[in-house]
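Let me begin by presenting the structure, written as structure tokens, before commenting on it.
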Amino acid sequence: MTQIELTVNGEKRSDEVEPRLLLVHYLRELLGLRAANVGCDTTSCGACTVLLDGKSVKSCTVLAVQASGHEVTTAEGLAVGGELHPVQAAFRQQHGLQCGFCTPGMVMATVGLLAENPHPTEAEVREGLEGNLCRCTGYHNIVRAVLAAAQAQAGQVTGEQVTA
Amino acid sequence: MIPAKFDYVAAESAGHAIELLAEHGDDAKVLAGGHSLLPMMKLRLATPELLIDIGGLDELAGVSVDGPDLVVGATTRHADLAASELARAEAPLLAYAASQVGDPQIRHRGTIGGSLSHADPAADLPMALVALGGTVVVEGQAGTRTVGADDFFLGYFETVLAPDELVTAVRVPRRPGVPWGYQKFVRRANDWAIVGVAALDGRIALANMGPTPLRAAAAENALAAGASAADAAELAADGTSPGEDLHADREYRRHLARILTRRALEHETA
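Heads up: the sequence lines are chains L and U, in that order. Mapping of the first sequence onto the numbering used here: residues 109 to 272, in sequence order. Mapping of the second sequence onto the numbering used here: residues 2 to 271, in sequence order.
Here it is in structure tokens:
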């Protein structure tokens, strides 16, 4: 067993884990944070995407021990005081989800993308979400949601007024 | 999928990692980003007894200039290499290759040293290293050596690295303003190249046309003798031994090598 110290959604954690424990299983099974889904389990689909020090990563391909000393953010950590994060709000307003399985990963990938590129073009959004698959093929509304979130975060207009 | 059990040590320094490698040999594997190793461990294709984590070693990360070379630390993540102003100015082909690996999440974790050590012949950075004529800096208990790109890769997932050796850096010649071309054919998002081509200043490297990244020697010789890009590209598959899989048979890969080489040569950018 290995001792890990990390911050998850702003809360300091200290846990003993097996070195082979994957970050996604640490989050889901030890901490009960079940937003990150295990989809393909092969670093392809992105349903398990979380932020590690603010950067999007696939938590099925990160060991929990590799996250020691770092900050993890999951979809549960986005809303503040019951108010949806602008990316979450935009996904709701633009109907950027169908079955919802890919949604937590899409949302976290989007938060990471907009941190790196606050004003992406539509093409940059599509490339920026290359690591996230939607089996409902709901990509058009997802892209609209990301563009709406970018505009909302820029304070230009609210998400509801965007017609991308 | 869950990997088989292993012990884990976060290395305190490159020297510490090399000591552990010397002690444990083939039973140990080096972990950096883990984006080649962990998927293999989850499938139990790799079952190391010890993982030596060098991912947190700042001494091995970063992009710098040393005389005629751009030097990239082994644990430099693909996203950081792709975004490096220094790399984009001095070796734009290398920065672009890093931007073509996998997808954003993969580029946030994967490292150049890991990609080269893994030695997947379909991967971006091994091909880029060959096109640039770079060298790999390798450290072991016996000291430091540098290995040229053409000599580093031995076969599928096989390099000249001894069990106690660690890739610590990659050096490529600074080539600001020299035109280069890069072509990669994939069918799916975030996939490996079915065939890839990287070209720079008369050197042409191919991905997934054999067990290692290859030079398109016949095409290079034709270019040197004054052939047009289109005529040289016709020779791009000569001397290659591509494999077959569900994406492409051998003849289709040879066809792609010729087409992509022509595009790489005709659409070079500075």
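Where is the CB? At the ideal position from N, CA and C, for every residue including glycine.
Chain U contact for L:Gly236 (CB, 8 Å cutoff): yes
Chain L residues whose Cβ lies nearer than 7 Å to that of U:Met311: Residue 311 of chain U is absent from the structure shown; chain U starts at 2 and stops at 271.
Limits of the unbroken alpha helix (DSSP H) element including U:Tyr157: Counting along the chain, U:Tyr157 falls outside any alpha helix (DSSP H), and DSSP gives it neither H nor E.
is_contact[L:Arg128, chain U] using C-beta, thresh 8 Å: yes
Endpoints, beta strand (DSSP E) assigned at L:Asp123: Glu119 to Val125
Any C-beta of chain U under 8 Å from that of L:Leu141: no
Rounded straight-line distance, which links the Cα of U:Ile55 to that of L:Gln259: 39 Å
Unbroken alpha helix (DSSP H) run spanning U:Ala84, endpoints: His79 to Ala84
Spatial distance of U:Thr48 from U:Val66 (CA atoms): 38 Å
Start and end residues, alpha helix (DSSP H) containing L:Ser164: Segment Lys163 to Lys166 is the beta strand (DSSP E) holding L:Ser164; no alpha helix (DSSP H) there.
Interface flag, L:Thr245 vs chain U, CB-CB below 8 Å: no
Alpha helix (DSSP H) segment containing U:Pro93, residue limits: Pro93 to Ser100
Where the alpha helix (DSSP H) through U:Arg263 begins and ends: Arg251 to Glu267
L:Val254 to L:Gly246 span [Cα, whole Å]: 13 Å
Which of helix, strand or coil DSSP assigns to U:Glu113: Sequence check: residue 113 of chain U is Ile here, not Glu. Three-state DSSP puts U:Ile113 in a helix.
Helix, strand or coil at L:Pro194 [DSSP, three-state]: helix
Collapsed DSSP secondary structure at U:Ile19 in the structure displayed: helix
Collapsed DSSP secondary structure at U:Leu51 in the structure displayed: strand
Test item: CB-CB of U:Gly103 and U:Asn191 under 8 Å: yes
Proximity below 8 Å, CB of U:Gly34 to CB of U:Arg78: yes
For U:Ala220, the first and last residue of its enclosing beta strand (DSSP E): It is not in any beta strand (DSSP E) - U:Ala220 instead sits in the alpha helix (DSSP H) that spans Ala218 to Ala225.
Spatial distance of U:Val138 from U:Pro243 (CA atoms): 28 Å
Candidates L:Cys242, L:Thr150, L:Glu113 and L:Lys163, of which the one nearest U:Asp81 by Cα: L:Lys163
Spatially closest choice to U:Thr145 from U:Asp27, U:Leu162 and U:Ala234, by CA coordinates: U:Leu162
Any chain L beta carbon closer than 8 Å to U:His109: yes
Proximal chain L residues relative to U:Lys6, where beta-carbon distance stays under 7 Å: Arg128
Closer than 8 Å to chain U by CB, L:Gly267: Residue placement at L:Gly267 is poorly supported in this model, since its pLDDT is 45, which falls under 50; the coordinates still yield a value, given next. With 8 Å as the cut-off, L:Gly267 does not count as an interface residue toward chain U.
Contact list for the region 60 to 76 of chain U against chain L, Cβ threshold 7 Å: none
Status (buried if at least 16 other CB within 10 Å, exposed otherwise) for L:Arg243: exposed
Minimum C-alpha distance to U:Asp151 - residue among U:His256, U:Ala12, U:Thr213 and U:Ala200: U:Thr213
Cβ-based burial, U:Ile205 [other Cβ within 10 Å; buried from 16]: buried
Where the alpha helix (DSSP H) through L:Gln291 begins and ends: The structure shown does not extend to residue 291 of chain L, since chain L is modelled only from 109 to 272, so the question has no answer here.
Helix, strand or coil at L:Gln261 [DSSP, three-state]: helix
6 Å Cβ shell around L:Thr169 - same chain, five flanking residues per side excluded: Thr151
Separation of U:Ala228 from U:Gln106, as counted between CA atoms: 42 Å
Cβ contact (3+ pairs, closer than 8 Å) linking the region 194 to 202 of chain U and the region 255 to 262 of chain U: yes
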